Each structure stands twice: as structure tokens, then as C-alpha cells.
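Scroll down for the structure; my scribbles are underneath it.
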Amino acid sequence: MNHANELITTIKSLLGDAIAEKSGSYIVDEIFERFPTVQELMNATEYELLSIKGIGKVRAKRLIATLQLARRLSRPTCTEPEVIRRPQDAADLLMPEMRYLQQEHFVVLFLNTKNHLIGRPETLSIGSLNAAIVTPHMVFRLAVKRSSASVLVCHNHPSGDPTPSPEDIQITKRLVDSGHIVGIEVLDHLVLGDGRYVSMKEQGLM
């Protein structure tokens, strides 16, 4: 069984427990009929769940809470400070949750001099289906506040294709230039797709 199938099986079990139904019940099957992909399911709204027969407000709220739990469970766990040594480290940290998002999210990782992650990754902007608005001021204001030595920025492409757009390249260059001014290095800009990513540094785009 691959990771995606394991995740679906786990989510079915969690949803069944949340509404006191067996994983193969009509309601659980109907949920997966309405939301056939993990991405669609993870982004289901309370209003959409209420349209399913047998789901009232209480059950809908429980289901939403369970889906939020499923997202957290899919994140890698680590008791030691997380260290970002290479693009893959950042992708492994962010991919489990960001691959299912249906809008662009712009996320920043703040790092100290040893490349240890300072706090949790910060979502600075949520855009439309194909655009997230972010400015250098937004990034470096928080970087200075967290006493960061460097930052790694990342955003997702809901289409699943992580190929950087001209706008992605433009904002990256603006961030790098601003980082030089304030003395905080931009290590990389990752673009995440569905299980794939592109490192703009590795591609020579920054």
C-alpha cells in the first residue's frame, strides 16, 4: 500500500470515529464520493459537509476538526531542533500540508546561524488560485523580530506543477536584494507542487 492509500485509509477511520460511524458506512462513503481526492477532502468546508444527508452542524464541526488533525498528523515529527541543510529538508517539512492547499500560500522559514528553524514556519500570505501577494517588508520585518540570520521562502502551486512563473522569479530577486540591504540572507525559494518541488537556487534563478 502506497503513502496516499495509507493516508486515505487513516482519514476514513478518523472520520468514522468522529461521527461514530464505521469507516465503510454510507456517510463516510458519501464524503469520499463528494471529495474524491485527498486535496479536495482536506479543503472541504463545513457548509459543503452540511449538504450531505446525515451530517448536521455538530457532525460537520467534528469532521472539520478531524481533517485539521489529519493535516497535523501528516507532518513529520522531530524532538530535536529542525535543521534545514538542503532544499529537501524544507520540502519534507512543508510538503505534507501544503500539497493539498487549493490557494497559493507564501510561507517563510526563519533560521539561526546554525540553520536551526526558529519557531514554526510562518504563512505570510494567502492568495487567489494562482497568486499570493507578499512584499519584502512583510518577510524581513518578521525575520528581524525573530533575530534570524537567514530565511527560506516557499509557496505552493495548486495546479500541482512546481515550475516557477516569471512573477515567482521577480519576487525572489526582490527578496534577495532586500536581504542584502538588511543583512539577512535568502537561502532559497521553493515552489511546491503535488509531491514535487523546484529549488530556485538549484535552478540558478536567484
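When we follow this note's numbering, the leftmost residue of the sequence shown carries the number 13, and every step to the right adds one.
All C-beta atoms in this analysis are idealised placements derived from N, C-alpha and C, irrespective of residue type, glycine included.
Only a predicted model underlies this, so the values are computations on that prediction, with no experimental measurement involved.
Asked	Found
Please go through the stretch 105-178 and give each complete beta strand (DSSP E) segment of 3 or more residues, from N-terminal end onward.	117-123, 134-138, 162-168
Is there contact between the stretch 150-165 and the stretch 116-135, where contact requires at least three CB pairs shorter than 8 Å?	yes
What residues in its chain sit with their C-beta under 6 Å from that of PRO148, if we drop five residues either side in the sequence?	ARG186, LEU187, SER190
Are the stretch 175-184 and the stretch 127-134 touching by the rule of at least three beta carbon pairs closer than 8 Å?	no
Taking the beta strand (DSSP E) that ASP200 belongs to, which residues open and close that run?	197-204
Is it the case that the Cβ atoms of VAL50 and ILE20 are separated by a distance below 8 Å?	yes
According to DSSP, is SER25 part of a helix, a strand, or is it coil?	helix
With 16 as the cutoff for other CB atoms within 10 Å, does SER211 come out buried or exposed?	buried
Once DSSP output is grouped into helix, strand and coil, what is the label at SER211?	strand
Should VAL194 go down as buried or exposed, given a rule of 16 or more other Cβ atoms within 10 Å for buried?	exposed
Can you grab the Cα-Cα spacing for the pair SER159 / PHE152, in whole Å?	10 Å
Using three-state DSSP, classify ALA30 as helix, strand or coil.	helix
If GLN100 sits next to GLY139, beta carbons under 8 Å apart, how far is it from one beta carbon to the other, in whole angstroms?	Incorrect: roughly 25 Å between the Cβ atoms, too far for contact.
Taking all protein chains shown into account, do 16 or more other C-beta atoms lie within 10 angstroms of the C-beta of TYR112, making it buried, or fewer, making it exposed?	buried
Based on the DSSP secondary-structure assignment, which residues constitute the bridge partners of VAL95?	HIS128
Does LYS185 come out as helix, strand or coil in the three-state DSSP assignment?	helix
Under a three-way DSSP split, which group does MET54 fall into?	helix
If the criterion is Cβ atoms closer than 8 Å, does the pair ASN127 and VAL95 meet it?	yes
Using a 10 Å radius around the Cβ and a threshold of 16 neighbouring Cβ atoms, would you call CYS90 buried or exposed?	Bear in mind that a pLDDT of 48 at CYS90, under 50, signals an unreliable position, so the number given afterwards is only what the model happens to contain. Exposed.
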